[in-house]
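Colleague: All letters in the sequence shown, in the order written, are residues -24 to -1, 1 to 821 by mature numbering (1 follows the signal peptide of the UniProt record, and there is no 0).
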Amino acid sequence: MRAFLDTTLVLPMLLYSCLSSAASSPLYSSSCRLHRRFHLNGMHKAGDVVLGGLFEMHFAPTYPDLSFTSEPQQADCHGFDVLGFRQAQTMAYAIDEINRNSHLLPNVTLGYSLYDNCNQLGIGFRAALSLTSGQEEQVTLHETCVGTPLVLGIVGEDSSTRSIAISTVLGLYRVPMVSYFSTCSCLSDRQKFPSFFRTIPSDAFQVRAMIQILKHFGWTWAGLLISDNDYGLHAARSFQTDLSPSGGGCLAYLEILPEGNDPSEIRRIVDVMRISTARVVIVFAHESQMINLMEEVVRQNVTGLQWMASEVWTLASVLQTPHLMPYLGGTLGIAIRRGEIPGLREFLLQIRPDLHHNNSYGNDVVRFWEFTFQCRFAPPPAGWIEAGGALCTGHEDLENVVTEFLDILNLRPEYNVYKAVYALAYAIDDMLQCEPGRGPFSGNSCVSFDENGDVLPIYDIMNWLWLPDGRIKVQNVGEVKTSALKGEELTLDEDKIFWNFESKEPPRSVCSESCPPGTRMARKKGEPECCFDCIPCSEGKINSVECTSCPADFWSSPQRDHCVPKKIDFLSYHEPLGICLTATSLLGTFFCAVVLGIFIYHRKTPIVRANNSELSFQLLFSLKLCFMCSLLFIGRPRQWTCQLRHAAFGISFVLCVSCILVKTMVVLAVFKASKPGGGASLKWFGAVQQRGTVLVLTSVQAAICIAWLVSSSPAPHKNTQYHNDKIVYECVVGSTIGFAVLLGYIGLLAILSFLLAFLARNLPDNFNEAKLITFSMLIFCAVWVAFVPAYISSPGKYADAVEVFAILASSFGLLVALFGPKCYIILLSPERNTKKAIMGRSITK
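(1) Just the Cα atoms here: how many angstroms apart are residue 583 and residue 628?
(2) Going by C-alpha to C-alpha distance, which of 213, 250, 776 and 488 sits closest to residue 503?
(3) Out of 21, 750 and 65, which has the shortest C-alpha to C-alpha gap to residue 391?
(4) For a quick check, are the C-beta atoms of residue 423 and residue 395 less than 7 Å apart?
(5) How many angstroms separate the CA atom of residue 850 from the CA atom of residue 85?
(6) Alpha carbon to alpha carbon, how far is residue 766 from residue 663?
(7) Okay, do the region 228 to 237 and the region 164 to 177 touch, 3+ Cβ pairs below 8 Å being the bar?
(8) Taking residue 668 as part of the alpha helix (DSSP H), name the residues at either end of that continuous run.
(9) Can you tell me whether residue 199 is helix, strand or coil according to DSSP?
(10) Residue 784 to residue 560, Cα distance in whole Å?
(11) Reducing DSSP to helix, strand and coil, say where residue 15 ends up.
(12) Near residue 494, what residues of its chain come up, given a Cβ to Cβ distance below 7 Å and the 5 sequence neighbours on each side ignored?
(13) Please list, in chain order, all residues of the same chain as residue 186 whose beta carbon is under 7 Å from its beta carbon, the five residues on each side excluded.
(14) Quick check: what's the CA-CA separation for residue 481 versus residue 79?
(15) Any idea what DSSP makes of residue 549, helix, strand or coil?
(16) Mapping DSSP to helix, strand and coil, what is residue 523?
(17) Count the other CB atoms within 10 Å of the CB of residue 515; is the residue buried (16 or more) or exposed (fewer)?
(18) Based on Cα-Cα distance, which residue from 382, 634, 143 and 498 lies nearest to residue 429?
(19) Under three-state DSSP, which class holds residue 155?
(20) Does DSSP put residue 285 in a helix, in a strand, or in coil?
(21) For the alpha helix (DSSP H) holding residue 186, just list the boundary residues, first then last.
(22) What are the complete beta strand (DSSP E) segments, minimum 3 residues, inside the region 689 to 752?
(23) Per DSSP, which residues does residue 451 bridge with? Please list them.
(24) Suppose you measure from the CA of residue 212 to the CA of residue 287; what does that come to, to the nearest Å?
(25) Is the region 353 to 361 close to the region 372 to 384, with three or more CB pairs under 8 Å?
(26) Beta carbon of residue 254, beta carbon of residue 485: below 7 Å?
(27) Among 551, 433, 762 and 523, whose alpha-carbon lies nearest the alpha-carbon of residue 156?
(28) Report the three-state DSSP secondary structure of residue 114 (helix, strand or coil).
(29) What residues match up with residue 531 in a beta bridge as DSSP calls it?
(30) Would you give the residue range spanned by the alpha helix (DSSP H) that residue 324 belongs to?
(31) Unbroken alpha helix (DSSP H) runs of length 4 or more, entirely within the region 752 to 799: which are they?
(32) Take residue 266 as the anchor and find which of 256, 290, 276 and 248 has the nearest alpha-carbon.
(33) Can you tell me whether residue 244 is buried or exposed? The criterion is at least 16 other CB atoms within 10 Å of its CB, across all chains shown.
(34) Alpha carbon to alpha carbon, what distance is there between residue 509 and residue 101?
(35) Determine the closest residue to residue 77 out of 678, 153 and 401, with distance taken between C-alpha atoms.
(36) Where does residue 365 fall in DSSP's three states?
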C-alpha cells in the first residue's frame, strides 16, 4: 500500500516538473497579474516541495447577503478553535522535524500551506483547489506568474463530508489526500476515491468495535442516534448490516438528530428514548448535536441509560460538566489512539504573533493570541478599553496561562496529523525503504495502509468517571484492535469501569430475556428478532434459537435443556417379566430332569417299558432343550443369540414333535400287530427305523435353519419406532420366509401327529397312549395358533416375551399331558404299574 501512495505522487511531480521548465520559456517572460479571488486564512512556509493542510481553526462562518448586484464579499470566520489550531501547528512541527532529519529527504526542503476551512465545505473546497492549482494570491509570485511549487499532497480533512467532496476532485488528478479525522466507511471505496488515505480507522471498524462491546456485556437491545450527514448515515448502514441477534443484538430504534436546534424533533427523539426498554444508547453525532440533545434529556430527567459515544464526542470537554454527569456518567466511548510527539510542546511555546505579518504564521496566530490571553491588538474595537478589555503586547507568556493548547498528554487527532505528514514524506522519499523497526512512530514502526487506503485499525475505549469529590475523569479502560493472526480483539479492564447505576454493575439491556430450559424462541410478529416469546419444546427436542432435535440415540431431558442417551429397552434378566420367564424356563428344565430321573430309575417297570422307553427318553431330552432355548430370547440381543435362538427353538421343537409322531406311529403299529397277520408291521418299524425317522425329520429342520442363516441371517436391531424416548433392542428375523418355513414345518409335524393320535384314540388298552398324545397335540396347536396374532401385535420386547411364553406353555403342555399320568402311577399308584393292571381292562372286556 505504501507503493500505491508513491504512485499517486507521480502526476503532481510531473506537473511540477513541467511548470518549472515553463518558467524559463520566452512565452512566460512578460510580467502578469492574477485576478483577485477570495482571500483564504492560512499559514505558509516556502520549500522545495510543499505539502498542503486543511484544518478547522474557526468553526462559525458568517456569509454576507448575496444581492447579485455586486461582487460577493468573503465570508467571515468566527469562533476560534484552539484544538484545530494545535493540529495545524502539529503539521508545521512535523515538517520542521523532517527538515532537520538528515536521513529523510536529505536534499529536499519541505514547505507547507495550511488553510483554515472554517468548518464549511465551500471554504475547504476552495482551499483544496487553490492548493492543487497554486493560484491563491497569498502565494508569492514571480515575474513569470508560475508561483510557488504545486503541493504534492494534502493532509486533511477533519470531516467525512468535506473529504468526500474534495477527494472526488483530487482523485481525478491522483493528488494524494491523507485524512486524520474522516472516518466514513464510504471513503474506503478505491473506485470512487483512488487517492484518498487516512491515519484514522474507518467507521466500519468502529461499528464492529462497538458491537464487540455490546456482545461482551450481553447488550442485545440498543438505540442508535446518528447525525444527518455522511458520517452518521454510513455508520447506521454499517450497524444495520453487522448487527444481528447472532452478531450482537438488535436496534430498538434509529433516530436522526437534526442539524440545527429543532426543539420539537429533539423532544420527540427523547420521548422515544424514555419510552423504549433499551437501556443502551449509541450516538454517532457531533458534540454540538449532543449539547442540544442533552438539554432535552436533562429537562425530561431521563436517567438510567448507558451511553456509548463515537470517537467524535468521546473526549468532548464541553459535555463533561457536573450538570450533565448525572446523565452521562459512566459513558463508554471509542477514542482515537493516543500518541506522543516529543518536542511538540517546546515548538508550541515558540509561537509569537508578528504584528507586521512578515512570518509564516499570519493572522491565525494573532487570533490565537487574542483568544488565549483575552486581549486585543491595537486598534481594538470601539468600547473595548472602556469595557475593561486589555491590549495585547505580543510578549505574554504562554506558560503562565491555563490552556488546552499546551496539553500534549492527550494527543489523539494531532498524532494522526503527525503520522499523515510522515506518510507523505516517506512516500516522496520512496516509502518502500522504510523498514519495520526503524520507523518514526510508536515502536519504531512505519505507517502502513490496507488495500482500501485505511490505516491498521486500533481504538482506545474510554470511560467517563465521576469521582466522589465532583471531579470528572475520562480514563482508558481497554482497547480494540485488529491483528493479522487473531482478527478483531477486544481488551477490557472491567474493574476500572465506572457504572452510573445504583448497583454499580453493567445494566441489562435486552428486549426479551433468554428462554428458560425446555423452551424455544418464537419471534413476535412485526418486531425485531431480539423480541420473542418462549414456547415449550416438543418431546425429543431441546431449547435453542429454534428447538433442535436430539440425535437418533438421544432424547431430551425432563427439563428439555439438553439431550440424554435414550433408555435401552429389551427383555432383561433384571426386570420382573424377564425374571418370571427365566424362573419358569429353569423350572421346566428341572421338571424334565426329574421326570427323566424317575423314568430311568423305574425303566424296568411295565408302564415305562410299555411306553417305548427310548422314545420317552428322547422326548424328555428334547423338552429339556425346548425349555432351555427360551433363555436365548432373554437378555440384550447380540449377533450370536439372534442367530441361535430361532435355530435352537426350531430344531428342539422338531425333535420333540418328531418323537411324538414316531411314538404315535409305534402305537398304531403295535395295535395292527396284535391282529392276525399284522406281525410284519413291527418288523418294518423297529428301533432302528424309529431312530432313523426322528433323525431324518430333525435334519430337514436343521437344513431349513442353515439355509435361513446363510441367506438372510437374523441380526440385532435398534428400533426407535415403538417409543420416542427408548431404543428397543430386538432381533429382526432377516428373512420372513425362512421364519415362516421354520414354523410351518413344526406345525405340519404337529398336525400330522395330532391326526394320527386322534385316529388311535379309541384303541383298546388300559392306558391308552394315543389319547394322551391327542390331548398334548391339541394343547400344542392351540398355543401356537394363538401365538401368531399375539406375536405380530406385540411391540419390542413383548414380542420376545410372547414367543418365550408360547415355548414354555407348549413345552409344559407336552410334559404334563404325556408324562403327568405316568409319573402319578409310578409314584402314587404303584399297584397299577403291573402288566396285569395295564392289560386288565382289555382282558375284562
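Beta carbons are placed, not taken as given, at the ideal position from N, Cα and C, and that holds for glycine.
Modeller: Quick look at the numbers:
(1) For the purposes of this step, residue 583 is taken as residue 607 along the sequence shown, with counting starting at 1. For the purposes of this step, residue 628 is taken as residue 652 along the sequence shown, with counting starting at 1. Cα to Cα, the separation comes out at about 26 Å.
(2) The sequence position of residue 503 within the sequence shown is 527, counting from 1. Nearest option by C-alpha distance: 488.
(3) Residue 391 sits at position 415 when you count from the first residue of the sequence shown. Nearest to residue 391 by alpha-carbon distance, out of 21, 750 and 65, is 65.
(4) What you label residue 423 is simply residue 447 of the sequence shown in a count that begins at 1. What you label residue 395 is simply residue 419 of the sequence shown in a count that begins at 1. Yes, they are a contact pair.
(5) Missing from the structure shown is residue 850; the chain here goes from -24 to 821 and no further.
(6) Locating residue 766 in the sequence shown gives position 790, counting from the first residue. Locating residue 663 in the sequence shown gives position 687, counting from the first residue. Distance between the alpha carbons of residue 766 and residue 663 is about 40 Å.
(7) no
(8) The residue labelled residue 668 in the question sits at position 692 within the sequence shown. 663 to 687 is the span of the alpha helix (DSSP H), which, as asked, contains residue 668.
(9) Counting from one through the sequence shown, the residue named residue 199 turns up at place 223. Correct three-state label for residue 199: strand.
(10) Residue numbering aside, residue 784 sits at position 808 when the sequence shown is read from its first letter. Residue numbering aside, residue 560 sits at position 584 when the sequence shown is read from its first letter. Those two C-alpha atoms are separated by around 8 Å.
(11) Here residue 15 is taken as the residue at index 39 of the sequence shown, counted from 1. Taken through DSSP and simplified to helix, strand or coil, residue 15 comes out as coil.
(12) Reading the sequence shown from its first residue, position 518 is the one you call residue 494. Closer than 7 Å at the Cβ level, and outside the excluded window around residue 494, lie 512, 513, 519, 535, 536 and 537.
(13) Residue 186 sits at position 210 when you count from the first residue of the sequence shown. Excluding residues within five positions, the ones whose Cβ falls inside 7 Å are 258, 284 and 310.
(14) Taking the first residue of the sequence shown as 1, we reach residue 481 at position 505. Taking the first residue of the sequence shown as 1, we reach residue 79 at position 103. Cα to Cα, the separation comes out at about 53 Å.
(15) Position 573 of the sequence shown, counting from 1, holds the residue named residue 549. Residue state, collapsed to three classes: coil.
(16) Taking the first residue of the sequence shown as position 1, residue 523 is located at position 547. It is coil, neither helix nor strand.
(17) Counting from 1 along the sequence shown, the entry for residue 515 is found at position 539. Under a 10 Å Cβ-count criterion, residue 515 is classified as exposed, with fewer than 16 other Cβ atoms of the shown protein chains found around its own Cβ.
(18) Working through the sequence shown from its first residue, we reach residue 429 at position 453. When each option's Cα is compared against that of residue 429, the closest is 143.
(19) Translated into positions along the sequence shown, residue 155 becomes position 179. Here residue 155 sits in strand by DSSP.
(20) The residue labelled residue 285 in the question sits at position 309 within the sequence shown. It is a strand residue.
(21) The sequence position of residue 186 within the sequence shown is 210, counting from 1. That run of the alpha helix (DSSP H) goes 179 to 193.
(22) 691 to 695 and 702 to 708
(23) Sequence index remark: in the sequence shown, residue 451 carries index 475 (1-based). Beta-bridge pairing links residue 451 to 439.
(24) As a first step, residue 212 must be located in the sequence shown, where it is residue number 236. As a first step, residue 287 must be located in the sequence shown, where it is residue number 311. Each residue's alpha carbon lies about 15 Å from the other.
(25) Cβ pair count under 8 Å is below three, so no.
(26) Indexing the sequence shown from 1 puts residue 254 at position 278. Indexing the sequence shown from 1 puts residue 485 at position 509. In this structure, residue 254 sits near residue 485, with a CB-CB distance shorter than 7 Å.
(27) Taking the first residue of the sequence shown as 1, we reach residue 156 at position 180. For residue 156, the nearest C-alpha among the options comes from 433.
(28) Start at 1 with the first residue of the sequence shown, and residue 114 comes out as number 138. The predicted position of residue 114 is uncertain, since its pLDDT is 45 and thus under 50; a value taken from the coordinates is nonetheless stated next. Coil.
(29) Taking the first residue of the sequence shown as 1, we reach residue 531 at position 555. Its beta-bridge partners are 540.
(30) Taking the sequence shown and counting its residues from 1, one reaches residue 324 at position 348. It spans 320 to 325 - the alpha helix (DSSP H) in which residue 324 sits, taken as one unbroken run.
(31) none
(32) Numbered from its first residue, the sequence shown carries residue 266 at position 290. Taking only the C-alpha atoms, the option nearest residue 266 is 290.
(33) Locating residue 244 in the sequence shown gives position 268, where the first residue counts as 1. With fewer than 16 other Cβ atoms within 10 Å, it is exposed.
(34) Counting from 1 along the sequence shown, the entry for residue 101 is found at position 125. Counting from 1 along the sequence shown, the entry for residue 509 is found at position 533. Straight-line Cα distance between these residues: approximately 54 Å.
(35) By one-based count along the sequence shown, residue 77 stands at place 101. Nearest option by C-alpha distance: 401.
(36) The residue you call residue 365 lines up with position 389 of the sequence shown. DSSP, read as helix, strand or coil, puts residue 365 in coil.
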